[in-house]
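Residues -23 to -1, 1 to 168, numbered by mature numbering (1 follows the signal peptide of the UniProt record, and there is no 0), are exactly what the sequence shown covers, in order.
Ideal placement from N, C-alpha and C gives every residue a C-beta, glycine not left out.
None of the values given here were measured: they were computed from a predicted structure.
Encoded as structure tokens, the structure appears first; notes follow it.
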Amino acid sequence: MKKTFIVSLCFFLLLCMCAGMFAACSGGIGSSWLPQGAEEKGVAFWQLNVAEHAVTRCILRTDDGIAYDYTPKGGFTEKTETVQTADTKLTAGQLPALAQAADAFLKENDSSGKKGYTLSLMEPRYAFSDFSETLAMGKAAVYSISSGKITVLEAQEYSGSKAYGAVIPVMSDDPDFGNSSVSREWIHIDR
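Written as structure tokens, this is what we have:
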């Protein structure tokens, strides 16, 4: 009886571990890189490095002057810097959904075969200073905050909100994003 109980318990624990690993694998890049308590803060700067569909680093600066740096091994470091005005209307709490959508979009639409990418937030004043030049640099798409979906821009014009800026995914073979060839798309952020 005791042996049957132990075997049953081991089998149950194995199932739980497999289910947990499956959930982690199918759940995308997650939000463990977002510091707790930062959800309502405005975003002054954001960069997310992803290799093999896992976050390797996140740098986030919020409009209250806090700079967060996250790595999976080291966790979070936090320091106070000069307060920067957030030129975009994004809050830190909106970043995980944007990152998940960008990750799914790149899996479906990037044919470069690169193993990793960096997502960098570009402020509206830079993203929309010369939109035709932006489109000439690579494919363009729009991320909708309300729907959580990304759609490819077919036209050479963008008539949506320009208050949220854009995200530039830079694809790379090098997980440290050093010297390697890159391909680039533009994801404009809209309501």
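By alpha-carbon distance to V20, the top candidate from E58, T39, A44 is T39. By the Cβ-count criterion, T54 is exposed, with fewer than 16 other Cβ atoms from all chains shown falling within 10 Å of its own Cβ. Between I122 and D167 the beta-carbon gap is near 7 angstroms, inside 8 angstroms, which marks them as a contact. The alpha-carbon of G90 is positioned some 9 angstroms away from that of M148. The beta carbon of V32 sits closer than 6 angstroms to those of I6, W10, all from its chain and outside the five residues before and after it, given in chain order. With contacts defined as CB atoms closer than 7 angstroms, K50 and F105 fail to qualify as a contacting pair. Per DSSP, reduced to three states, the secondary structure at P49 is coil, with no helix or strand assignment.
S123 is not bridged by DSSP to any residue.
For E100, the three-state secondary structure derived from DSSP is coil. Under the three-state reduction of DSSP, F105 is assigned to coil, being neither helix nor strand. Rounded to the nearest whole angstrom, the CA to CA distance from L98 to L25 is 9 angstroms. In the three-state reduction of the DSSP assignment, D167 falls in the strand class. Burial check for Y103: the Cβ neighbour count within 10 Å stays below 16, so the residue is exposed. In the structure shown, the three-state DSSP call for P146 is strand. When beta bridges are read from the DSSP output, E58 appears opposite no residue. Shortest Cα-Cα distance from Y120 to any of E131, L96, L75 involves L75.
Going by C-alpha positions, L130 is about 15 angstroms away from L83.
When DSSP reads this structure, T128 sits in a beta bridge with V119. Residue range 20 to 28 is occupied by the beta strand (DSSP E) that includes A21.
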